[in-house]
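Engineer: Quick one: the structure is below, questions incoming.
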Amino acid sequence: MLELIKEENVEVGVHAADWEDAIRRSAQHLLETGKIEERYIRAMIDAVHRVGPYIVLGNHVALAHARPECGVNELSVHFTTLEPPIPFGSEKFDPVSLIITLAAVDADSHLELISELADILMEETHVERLSSCTTEREFVELLRRMKEESNAYYI
């Protein structure tokens, strides 16, 4: 699925006031294109308030998401690099420099995407390289190369 990522699915160098603003900004493109509803953004933020920074997965990466019934219209993903990185309240993995905003329509449709992302993002140097991209095109090209490299290990 990562091979389908285009420049419009990425925004680099976003300045955010705090983690809530970072989530709002990372979801903005999905909202503008009708892939999610406004209430989905609120649900993502509310979940972190309720449960804590569970969306910070490691290596300075957050996977912003909520339940499909909270306002997802279409399976979609958006990548946002933050400049400067923003603390989300995770003692171990702050500050966050990359937010992946995921909108899943059901419990299964996004699993291939999550698997591909896990293969790439478990390497901390990959996160650093993606976070330091200066253009959306550079990010997409690097993400595709990383996916190809991770696929080479399974052949």
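Residue 40 in this note's numbering sits at position 32 of the sequence shown; the count goes up by one each step and never skips. A virtual CB, placed ideally from N, CA and C, is assigned to each residue, including glycine. Since this is a predicted model, take the numbers as computed values, not measurements.
(1) Comparing C-alpha positions only, which one of L129, E144, H86 sits nearest to L65?
(2) Do E77 and A111 have their C-beta atoms within less than 9 Å of each other?
(3) Who are the near neighbours of D114 in its chain, counting only those whose CB is closer than 7 Å to its CB and skipping five residues on each side?
(4) By Cβ distance, which residues of its chain are closer than 7 Å to R137, with the 5 residues on each side in sequence left out?
(5) Using CA atoms only, rank isn't needed, just tell me which of A35, T41, V18, D26 is closest to G97.
(6) DSSP on E131, reduced to helix/strand/coil?
(7) Can you give the Cα-Cα distance for I163 and E156, rounded to whole angstroms?
Structural biologist: Per the coordinate set shown:
(1) If you number the sequence shown from 1, residue 65 lands on position 57. That would be L129, whose Cα lies nearest to the Cα of L65.
(2) Residue 77 sits at position 69 when you count from the first residue of the sequence shown. Residue 111 sits at position 103 when you count from the first residue of the sequence shown. No. Outside cutoff.
(3) The residue labelled residue 114 in the question sits at position 106 within the sequence shown. Cβ neighbours of D114 beyond the five flanking positions: P76.
(4) For the purposes of this step, residue 137 is taken as the residue at position 129 of the sequence shown. These residues qualify, in order along the chain: L150.
(5) Counting from one through the sequence shown, the residue named residue 97 turns up at place 89. For the residues A35, T41, V18, D26, the minimum Cα distance to G97 belongs to D26.
(6) Taking the sequence shown and counting its residues from 1, one reaches residue 131 at position 123. It is coil, neither helix nor strand.
(7) Residue numbering aside, residue 163 sits at position 155 when the sequence shown is read from its first letter. Residue numbering aside, residue 156 sits at position 148 when the sequence shown is read from its first letter. In this prediction, I163 scores a pLDDT of 41, lower than 50, which makes its location untrustworthy; the coordinate-derived value is nonetheless stated afterwards. Distance between the alpha carbons of I163 and E156: 11 Å.
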